[in-house]
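Structure record follows, encoded as structure tokens.
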Amino acid sequence: MGKVMVFDHPLIQHKVTMMRKKDTSTKDFRELAKEVVTLMTFEATRNLPLKDVEIETPMQKATLKMLDGEDIAIVPILRAGLGFVDGMLSLVPNAKVGHIGLYRDETTHEPVEYYCKLPKDIEKREIFVVDPMLATGGSATDAITMIKAKGGKNIKFLCLIAAPEGIEVLQNAHPDVDIYIAAKDECLNENKYILPGLGDAGDRLYGTK
Ligand code: PRP
Ligand code: URA
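In this text, residue positions in the sequence shown follow this note's numbering: the first is 107, and each later residue adds one.
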């Protein structure tokens, strides 16, 4: 079973609480999302492979560590996942970015697919699927199924807020995927929104409501 890591760092907890407040502006919400994901990326990339390289410092030659190739892919689930891309790219600027378009049907709450474009060499890459919310788990599960169908293997999932139901669904469907969460919430309401949550992540990022 993949591991589930809930971040308890005070900076992350503070910033997620700021994002949850209903009066937080779109501008602040976007900035906070970028800050939180940058902090999460620092930890989620802890086990990236390194290789030995020979360099010359002003003092001498030395064999030291660098990342083993440009081998990362970031895959946001549209649209809210886009709010995570810049923060990740600020730490791993050579990553390739794929996109998966999914939205939840408002009545069935089932994900509906509308787009999938991934880097050609996706099978060789360490893949970070990103989406702020893991509610029923349907969107993340389908997105990862789509990536695996195109050859993706090494997959991690990063989200801001997860409901216990969504974690269970995703773990059962994709037990090989590690899940990184900034905050684990209590439950889903009757409309499958996370409580206490932060509302609709896409609307809050883009000011569409
Ligand atoms: C939100 C969120 C996830 C999904 C989570 O997207 O960004 O993709 O819901 O819910 P689930 O775990 O129950 O599938 P939404 O469908 O609202 O689309 P949007 O990003 O275009 O607003
Ligand atoms: N999608 C959201 O944006 N928020 C939720 O609480 C659940 C699904």
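For every residue, glycine included, the Cβ atom is placed at its ideal position computed from N, Cα and C.
With a threshold of 7 Å, establish whether the CB of Gly303 neighbours any heavy atom of the ligand URA. Indeed, a heavy atom of the ligand URA lies less than 7 Å from the Cβ.
Here's the rule: buried if 16 or more other CB atoms are within 10 angstroms of the residue's CB, otherwise exposed. What is Ser245? With 16 or more Cβ atoms within 10 Å of its Cβ, Ser245 is classed as buried.
When burial is assigned at 16 or more other CB atoms within 10 Å of the CB, is Thr247 buried or exposed? Thr247 is buried by the Cβ-count criterion.
Taking Ile183 as the reference, which of Phe234, His280 and Leu197 has the closest Cα? Taking Ile183 as reference, the option from Phe234, His280 and Leu197 with the minimal CA-CA separation is Phe234.
Nearest-angstrom Cα separation, counted from Leu264 out to Met107: Taking the straight line joining both Cα atoms gives about 16 Å.
Is Ile253 near Val191, with beta carbons less than 8 Å apart? Going by C-beta atoms, Ile253 is not nearer than 8 Å to Val191.
Same chain, Cβ closer than 7 Å to Leu145, neighbours up to 5 away in sequence not counted: Excluding positions up to five away in sequence, the list reads His115, Leu117 and Ile118.
Under 8 Å, Cβ to Cβ, is there at least one residue of chain C near Asp248? Going by chain labels, chain C is absent from the structure shown, which holds only one protein chain.
Report, in whole angstroms, the separation of the C-beta atoms of Val135 and Arg310, which I expect to be a contact under 8 Å. A small correction: the amino acid at residue 135 is Phe; Val does not occupy that position in the sequence shown. That pair is a contact at about 5 Å.
Candidates Gly308, Gly313 and Thr314: which alpha carbon is nearest Arg185's? The residue with the shortest Cα to Cα distance from Arg185 is Gly308.
Sort out for me which residues DSSP pairs Pro270 with in a bridge. According to DSSP, Pro270 bridges with nothing at all.
Keeping to the same chain, check which residues put their C-beta closer than 7 Å to that of Tyr221; ignore five residues upstream and five downstream. Once the five neighbours on either side are set aside, the close Cβ partners of Tyr221 are Leu184, His205, Ile206 and Gly207.
Taking the DSSP output, what are the residues bridged to Asp248? As DSSP reads the structure, Asp248 sits in no beta bridge.
Using the Cα positions of Met172 and Pro225, report the straight-line distance between them to the nearest angstrom. C-alpha separation (whole angstroms): 23 Å.
Consider the C-beta atom of Asp306 and the heavy atoms of the ligand PRP; say whether any pair is separated by less than 7 Å. At least one heavy atom of the ligand PRP is nearer than 7 Å to the Cβ of Asp306, so yes.
Mark Thr242 as exposed unless 16 or more other C-beta atoms lie within 10 angstroms of its C-beta, in which case mark it buried. With 16 or more other Cβ atoms inside 10 Å of its own Cβ, Thr242 counts as buried.
Return the chain-ordered ranges of every alpha helix (DSSP H) run that is complete within the stretch 217 to 263 and spans a minimum of 4 residues. Entirely contained in the stretch 217 to 263, the alpha helix (DSSP H) runs reaching 4 residues are, in chain order, 244 to 255.
With a cut-off of 8 Å on the beta carbons, I'd call Ala255 and Gly189 a contact; round off their distance for me. That belief does not hold up - the Cβ atoms of Ala255 and Gly189 are roughly 26 Å apart, past 8 Å.
Should Gly313 be labelled buried (16 or more other beta-carbon atoms within 10 Å of its own) or exposed? Flag for Gly313 reads exposed.
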